[in-house]
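K.L.:
Mind having a look at this structure? Questions to follow.
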Amino acid sequence: MMLNVDGLGHRYGTERALDDVSFGLDTGELVAVLGPSGCGKTTLVQAIAGHLTPTAGRVRLRGHDVTGQPPERRAVGLVFQQSTLYPHMTVGENVAYGLGPQGVDPDEHEAIVDEYLDLVNLADRRTAYPNELSGGQQRRAELARALAPQPDLLVLDEPLSALDRALRVQLRGEIARIQRETGVTTLFVTHDQQEAMELADRLVVMHGGAVAAVGPPRRLYESPPTPFVASFLGRSTELPATIAATEPLRLAVGGDELTLPDAGRTPPVGASVRCLFRPHGLSIRPPEDADAELSGTVRRVADLGRRYDVTVETDDGTALVVERRREPPAVGEAVAVAVDAGSVVAFTAAGEPIDAA
Amino acid sequence: MMLNVDGLGHRYGTERALDDVSFGLDTGELVAVLGPSGCGKTTLVQAIAGHLTPTAGRVRLRGHDVTGQPPERRAVGLVFQQSTLYPHMTVGENVAYGLGPQGVDPDEHEAIVDEYLDLVNLADRRTAYPNELSGGQQRRAELARALAPQPDLLVLDEPLSALDRALRVQLRGEIARIQRETGVTTLFVTHDQQEAMELADRLVVMHGGAVAAVGPPRRLYESPPTPFVASFLGRSTELPATIAATEPLRLAVGGDELTLPDAGRTPPVGASVRCLFRPHGLSIRPPEDADAELSGTVRRVADLGRRYDVTVETDDGTALVVERRREPPAVGEAVAVAVDAGSVVAFTAAGEPIDAA
Amino acid sequence: MSLARRAWAGGAARRPELLVPAALGGLLLLYFALPFAAFLARVGSTPILAQLSAPGAQQAIRHSLLTAPVSTAIATIFGVPLAYVLARQSFPGKRLVEGLVVLPLVVPPVVGGAMILTAVGRFTPLGSAAASVGIPLTGSLIGVVLAQTFVAAPFVIITARAGFGAIDERLEQASRSLGYGPLSTFRNVSLPLARGSIAAGMVLTFARAMGEFGATMMVAYNPRTIPTQIWVDFIGGGIDAILPLALALFGLTLLVVAAIQRLGRLPTVVER
Amino acid sequence: MSLARRAWAGGAARRPELLVPAALGGLLLLYFALPFAAFLARVGSTPILAQLSAPGAQQAIRHSLLTAPVSTAIATIFGVPLAYVLARQSFPGKRLVEGLVVLPLVVPPVVGGAMILTAVGRFTPLGSAAASVGIPLTGSLIGVVLAQTFVAAPFVIITARAGFGAIDERLEQASRSLGYGPLSTFRNVSLPLARGSIAAGMVLTFARAMGEFGATMMVAYNPRTIPTQIWVDFIGGGIDAILPLALALFGLTLLVVAAIQRLGRLPTVVER
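Protein chains in written order, with the working numbering: chain L, 604 to 960; chain G, 604 to 960; chain S, 17 to 288; chain Y, 17 to 288.
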């Protein structure tokens, strides 16, 4: 393990920012820490990099406990959301800055700087000053500076959040390539689940200072352990339901019944459950369609170019978003909605997952 | 027409920020102005709202020329990316602030404030101060304040760009609902094409201070008038190609040939063209597949939960992103890539679209 | 973001590397504190009230409490609009105007006094014309006000400008778009939001005007204000003779600092 | 964003609503400019060099040019570390320390002088002990430095603090994470980035020290600095006798302001 975070906790005064956070990173892995604002991501980054001493728990790098070590004694490269390039140094000088403390022979600095500027496609801006770079170039220079001293761990704290979407998508690909080429163990912190899922081998989903889930994107998406994880990792509409039968598992939703794949453990018949429907697991049918589980009225059709998002208001007033690729129905039309049982995730009233076996 | 922008131009010193921008908004329409940073969006908003006098062109509201009018003489509601709620007033006082100049009877203020706070689901925070609100609540209070005086036009300038993705998606839905319920003519300015396409009836795509395209999202996505619009409205990979035959239109791409639907006008055989491929219009095939147009090696597989993004490096070194829903190939594997001709957009070397008739 | 911001502060809360600079700075703080402490200790053993009720002292206090508020009012009425223009508008020659605003701050008070004398002294056209209609511009309370305003006005201009500059202009734009004209917007939005800074600036200007000595000595040695009276008493009776009046001035200063701290604006304004 | 920022400025460039405040502020600017102009006009008709070469003037200039740089150096060496701590660290009693830093700024100079006398005067324990080993703390150049430091040091502290405060702490964190300790980080990152502010603060402190009058009069009437010499000459010979020395002081002030403007930092620091 390159990084081990073990029972990390932190309080600001009486406010708890981190609560018993534990996870690890294997060498060369790219793991994303994903969570909404205020979930403790930044505190976690500060504790791992050594800019904050946590009130509980340990941080280990390559197996060594570094919890009490100052940042300069940890080989952690750090890139923040805001640029921290030094305005009084050129791009080349910025990249070379971290080489001195590593005891790298000054004669070699030039070659190393060239190598890392090449890596981020910035070789021609070596003598520029940071304020002469575009936003995307600044990000790349920052990556080169963090990577040049060959840190054990690269921590990227919302590195793309301040950028436009187009640039964000482009740099996302760049980061994947750079990580692939250098093989550096990387912790990517973000609030953007799409970004996290696209980049990461594994996700650490955080919620309210605690770890809500750890695992590969697909497993967490398909079998989320909590409703929070389910709704945070992809669009979904929640509908209340009750258990109608247990073998096979049937749910009563909005007056209709829905058969789910066999589940390992299920609550008793009559228990309330929370059902989350993914837009792509729903399809519009003609009203009165025998196979469709739900019915309602079309309230809005958003044309996304490649597909339509159709908002259907069910008879009990819930707005359900349905993805559709073909010609959408008209607003005001009565429709039925068929549910792909495989895409439904259900939880007990207490938030325990009802595992589709 | 509620709003007419006619030949609007603006310079800061010698720098041209807006160049001959013209478009109109019908009553009740929601139009998105979409473009990357620095494309002139903010200058356009300032000119429409009257906080800046453009160096050329006219702005008309309800047919009246208001180009020279100060902002207080135009009924334009304005919401910026940053909160502009007044910190020394409660939420209720903020919402009531715009009613005074409209000559609304002070006795009615209370009822109107209630109505608009209800509209944005903020009725219970009426006596709170802005700094006691969450980021999402501040946005909603701001919307209520802008809407309460019943403006002719609501201008939203990147209203969601400072928020987390989850909150952004949620508020996007709120804005759609509020616009539907109030029927206010709305100009939504953003750099996020997904946001724009999801919300807007029509898009105004801006590029370098000029209008690059105007039209409904689907038409611009399927028949983009320029390569910029094509790549800005959705992910795509550009590959150079040449015209191999004209009836039917066949392109030589990377050693293979690709037949496109009949085109209205085509360059002569041998001319260079620019081909943009959408990830969802490509599919992975076994190598040596006879129907596949391109071949290459898998460089990266990103698991997005619902689908995989497979990066294939073609034989000439271009990285092509292919969407795939089923089990993806392994990294390093040689694969062929089949192209759905209907999703390809092609341009002449000069950037003229080769219309798929 | 709120958590993030506190993260830095929390991280700083145990930074041993700040001990050395803290020790260096502590020496300077000690040098600031020592005279205060010694002064207060010495004052404790002096018959204050008796000396403060002497006619000269009474008159000096009256003059100071009359002129300093007038100077502060003049500086505020003319300086706050100037501050707003400087915060919101760029125009040719702005740097010159900024230089002019800063100049009285860095010009030595005695030179400032000399300058005022060359402009409105008794034998200048302006001064003699004013004196002939019964308004002596030097050696009068008007002269005191002229000296105080010249020296102290920059404080309220600079502090108010900082306050206006810290207001996001979009708050004003929103008010305009909600139907308010420039004047209403200034009254409803700009002024309330800059109130703390303006108050802090007025307090600084008032303190500077109260303590004004160098320029006042040149322009209006008579009638006496507290500082000039202190000087005269010092010449005549040494340090012990001036302690009561010095304490009176210091007491007013303490009030000022307390007001600044309570408004909670000065550190912020100064900090950013 | 760059376009957006310029948009505000551009929009402001033709705001007729600023004419009224500009006119009000202009009156104050006129009052600042008039004495300068009158002073310069009067100086033009005076034999400068002859009077400046008088022994008294020579000595005063020498004393001022000796003491003010020493005071500035002391204030900088001890004040900049203090400024850094105040910008980076929160601790119990910070408001008290901030109050202590601001106090010398608002205490009238004559009261400041009185305070210094009560602390280190000839008949205090400290003062007599120092005098007995041949280091007189009053009536000496050391006394002048003590007075100047007390009065002028807050400027460099406050301005440097603003400079350090404007540096995103993450720039320092990045340096630490790149392997540099706190001291190297301060030297490589914090100091270069705050250099402009520190220089501006030193310039302000120097100007204040050069012009120091009230406290110096009390603590060290002798040996004379330029301001005290001006006062003595003024008593003896009126306004015309002091013009050369006043011009010398003013010239130095102009240099100071030019340096501030060239560094381009003061307006920024003061503005934010």
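Beta carbons: idealized from backbone N, C-alpha and C, even for Gly.
A quick note: this is a predicted structure, and the numbers were derived from the prediction, not measured.
(1) In chain order, what are the residue ranges of uninterrupted beta strand (DSSP E) at least 3 long that sit wholly in the segment 913-941 of chain L?
(2) Ignoring anything shorter than 3 residues or poking outside the segment 830-898 of chain L, list the beta strand (DSSP E) runs there in chain order.
(3) Would you identify the three-state DSSP class for Asn697 (chain L), choosing helix, strand or coil?
(4) Whole angstroms is fine: what's the gap from Met131 (chain Y)'s alpha carbon to Ile158 (chain Y)'s?
(5) Comparing C-alpha positions only, which one of G:Leu647, G:Pro864, G:Met605 sits nearest to Met809 (chain G)?
(6) Suppose contacts are defined by Cβ-Cβ distances below 8 Å. Is Leu763 (chain L) in contact with Arg775 (chain L) by that definition?
(7) Excluding sequence positions up to five away, which residues of its chain have a Cβ less than 6 Å from the Cβ of Asp609 (chain G)?
(8) Identify the contact partners of Phe683 (chain L) in chain Y, using a Cβ-Cβ distance below 7 Å as the criterion.
(9) Could you name the residues of the segment 688-706 of chain L whose beta carbon sits closer than 8 Å to any beta carbon of chain Y, in the order they occur along the chain?
(10) Assuming Val160 (chain Y) is part of the alpha helix (DSSP H), what are its boundary residues?
(11) Go through the segment 647-718 of chain G residue by residue and report every complete run of the alpha helix (DSSP H) that reaches 4 residues or more, in order.
(12) Give the range of the beta strand (DSSP E) segment to which Ala635 (chain G) is assigned.
(13) If we ignore side chains and look at the alpha-carbon of each, how far apart do Thr840 (chain G) and His883 (chain G) end up?
(14) Only counting the same chain, and skipping five residues up and downstream in sequence, which positions put a Cβ closer than 7 Å to that of Arg192 (chain Y)?
(15) Going straight from the alpha carbon of Val286 (chain Y) to that of Phe52 (chain Y), what length do you get?
(16) Say whether chain Y places a C-beta atom closer than 8 Å to the C-beta of Arg614 (chain L).
(17) Would you call Phe266 (chain S) buried or exposed, if buried means 16 or more other Cβ atoms sit within 10 Å of its Cβ?
(18) Using a threshold of 8 Å, state whether the C-beta atoms of Leu861 (chain G) and Glu896 (chain G) are closer than that.
(19) How long is the line joining the alpha carbons of Leu628 (chain L) and Pro752 (chain L), rounded to whole angstroms?
(20) Cβ of Ala216 (chain Y) less than 8 Å from any chain L Cβ?
(21) Taking just the CA atoms, how far does Phe55 (chain Y) sit from Ser61 (chain Y)?
(22) Is it right to say Arg278 (chain Y) is buried, meaning 16 or more other beta carbons lie within 10 angstroms of its own, or is it exposed?
(23) Would Arg211 (chain S) count as contacting chain Y if we go by Cβ distances under 8 Å?
(24) From the beta carbon of Tyr196 (chain S), is the nearest beta carbon of chain Y less than 8 Å away?
(25) What number of angstroms, rounded off, separates the C-alpha of Ile251 (chain S) from the C-alpha of Gly72 (chain Y)?
(26) Classify Thr232 (chain Y) as buried or exposed, calling it buried when 16 or more other Cβ atoms lie within 10 Å of its own Cβ.
(27) Residues of chain G with CB closer than 8 Å to the CB of Arg192 (chain S), please, in chain order.
(28) Just checking, does the segment 832-848 of chain G make contact with the segment 800-815 of chain G on the three C-beta pairs under 8 Å criterion?
(29) Does DSSP put Met604 (chain G) in a helix, in a strand, or in coil?
(30) If you measure beta-carbon to beta-carbon, which residues of the segment 250-265 of chain Y are closer than 8 Å to chain S?
(31) List the residues of chain S that Leu133 (chain Y) touches, going by C-beta distances under 8 Å, in chain order.
(32) My output table needs one value for Pro97 (chain Y): the three-state DSSP class, helix, strand or coil.
(33) So Ala678 (chain L) and Gly643 (chain L) are supposed to be a Cβ contact under 8 Å. How far apart are they, rounded?
(34) Just to confirm before moving on: does the CB-CB distance between Glu784 (chain L) and Leu722 (chain L) stay below 8 Å?
(35) By a C-beta neighbour count over all protein chains shown, 10 Å radius and 16 as the cutoff for buried, is Asn238 (chain Y) buried or exposed?
(36) So with Cβ pairs under 8 Å, would you call Pro51 (chain S) a contact of chain Y?
P.N.:
A quick look at the data gives this:
(1) Listed in chain order, the complete beta strand (DSSP E) runs (minimum 3 residues) inside the segment 913-941 of chain L are 922-927.
(2) Whole beta strand (DSSP E) segments, 3+ residues: 840-849, 852-856, 859-862, 875-880, 885-888.
(3) In this structure, Asn697 (chain L) counts as helix in the three-state DSSP scheme.
(4) Here the C-alpha atom of Met131 (chain Y) lies approximately 16 Å from the C-alpha atom of Ile158 (chain Y).
(5) Of the candidates G:Leu647, G:Pro864, G:Met605, the residue whose Cα lies closest to the Cα of Met809 (chain G) is G:Leu647.
(6) Cβ distance < 8 Å, so Leu763 (chain L) and Arg775 (chain L) count as in contact.
(7) Excluding five sequence positions before and after Asp609 (chain G), the CB atoms of its chain that fall closer than 6 Å to its own CB belong to Ser625, Gly660, Arg661, given in chain order.
(8) Residues of chain Y passing the Cβ test: Arg186.
(9) Here the close residues are Tyr689, Pro690, His691, Tyr700, Gly701, Gly703, Pro704, Gln705.
(10) Its alpha helix (DSSP H) spans residues 157-181.
(11) Complete alpha helix (DSSP H) runs here, min 4: 694-700.
(12) Membership of Ala635 (chain G) in the beta strand (DSSP E) is indicated by the continuous run 633-637.
(13) Cα to Cα, Thr840 (chain G) sits roughly 11 Å from His883 (chain G).
(14) If we look at Arg192 (chain Y) and ignore the five residues flanking it on each side, its Cβ neighbours are Thr201.
(15) Low per-residue confidence applies at Val286 (chain Y): pLDDT is 37, beneath 50, and the placement is therefore not dependable, though the value from the model is reported in the following sentence. Roughly 23 Å between the two C-alpha positions.
(16) The beta-carbon of Arg614 (chain L) is placed no less than 8 Å from the nearest beta-carbon of chain Y.
(17) So Phe266 (chain S) counts as buried.
(18) Contact: yes.
(19) Approximately 20 Å, taken between the alpha carbons.
(20) Chain L, which has no Cβ nearer than 8 Å to the Cβ of Ala216 (chain Y), makes this no.
(21) In a straight line, the C-alpha of Ser61 (chain Y) is about 10 Å away from that of Phe55 (chain Y).
(22) The residue in question, Arg278 (chain Y), is exposed, as its Cβ has fewer than 16 Cβ neighbours within 10 Å.
(23) Chain Y contact via Cβ: absent.
(24) So no, Tyr196 (chain S) is outside the interface.
(25) Answer to the nearest angstrom: the Cα atoms are 22 Å apart.
(26) Buried, since its Cβ has 16 or more Cβ neighbours within 10 Å.
(27) Listed along chain G, the residues sitting closer than 8 Å to Arg192 (chain S) by beta-carbon distance are Gly653, His654, Pro673, Pro674, Glu675.
(28) With a cut-off of 8 Å, the segment 800-815 of chain G and the segment 832-848 of chain G count as touching, because enough Cβ pairs lie within range.
(29) Correct three-state label for Met604 (chain G): coil.
(30) Answer set for the segment 250-265 of chain Y: Phe250, Ile255, Ile258, Leu259, Ala262, Leu265.
(31) Neighbours of Leu133 (chain Y) in chain S, taken as residues whose beta carbon is under 8 Å from its own, are Ile255 in chain order.
(32) Looking at Pro97 (chain Y) - three-state DSSP - the assignment turns out to be helix.
(33) Under the criterion of beta carbons closer than 8 Å, Ala678 (chain L) and Gly643 (chain L) do not qualify as touching, at roughly 24 Å.
(34) Yes, these two residues count as a Cβ contact at 8 Å.
(35) When all chains shown are included, Asn238 (chain Y) counts as exposed.
(36) Yes, Pro51 (chain S) counts as interfacial toward chain Y.
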